[in-house]
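Contents: one structure, followed by commentary.
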Amino acid sequence: MEITDSLILEVAEFEHDVLTGIYSEETGRPQPLRFTVTAHLKPAPRYEPDTPLEASKNYMDLKFAASEALPQGVHFKLIEAVADHICDTLFVQDERVLAVTVKIVKLAISENGEQIGMTLTRVRR
Numbered sequence: 009m010e011i012t013d014s015l016i017l018e019v020a021e022f023e024h025d026v027l028t029g030i031y032s033e034e035t036g037r038p039q040p041l042r043f044t045v046t047a048h049l050k051p052a053p054r055y056e057p058d059t060p061l062e063a064s065k066n067y068m069d070l071k072f073a074a075s076e077a078l079p080q081g082v083h084f085k086l087i088e089a090v091a092d093h094i095c096d097t098l099f100v101q102d103e104r105v106l107a108v109t110v111k112i113v114k115l116a117i118s119e120n121g122e123q124i125g126m127t128l129t130r131v132r133r
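End of the sequence shown sits at 133 in my numbering; the numbers just go up one at a time, nothing left out.
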């Protein structure tokens, strides 16, 4: 098994309201989702103390893809579609992004603190 260098950036467990759901009580109003977004990048050959940000990726781009970059007023029936949109946004933003993993937890349907949701991983094609 060959191991190669990798760089994984992550923004974990932030919340954002999104228009999503298939049931009547879910449609028409945003519901809170908890996101963890992970992006796999090809790393620079080395990171020195004075390496500029351009040698990596701004972590806030991950948060932006799962919040402000989601289209306003669009209702996503499935949270899987929300995750796909986030992946597409990050792939378009930066050609160095090799893969994206998005975990989404639907907070409104939790009854006893359990985390109900899904995780989607997409690889650049």
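Don't be surprised by glycine CBs; every beta carbon is placed ideally from N, CA and C.
Exercise for the section: With a 10 Å radius around its C-beta and 16 neighbouring C-beta atoms as the bar for buried, classify L98 as buried or exposed. Expected result: buried
Practice task
Taking Q39 as part of the beta strand (DSSP E), name the residues at either end of that continuous run.
Solution key: 39-49
Problem - Secondary structure of V131, DSSP reduced to three states - result: In the structure shown, V131 falls within a strand segment according to DSSP collapsed to helix, strand and coil.
Exercise for the section: Please name the residue in K114, P40, E103, L70 whose C-alpha comes closest to that of E18. Expected result: L70
Handout entry: Per-residue DSSP class, three states only, for T97
Key = helix
Practice task
Tell me, please, whether the segment 58-73 touches the segment 85-92 by the rule of three or more beta-carbon pairs shorter than 8 Å.
Solution key: no
Handout entry: DSSP beta-bridge partners of A107
Key = Residue pairing for A107: DSSP places it in a beta bridge opposite H48, V131.
Exercise for the section: Would you list, in sequence order, the uninterrupted alpha helix (DSSP H) runs of no fewer than 4 residues that lie entirely inside the segment 14-39? Expected result: Within the segment 14-39, there are no complete alpha helix (DSSP H) runs of at least 4 residues.
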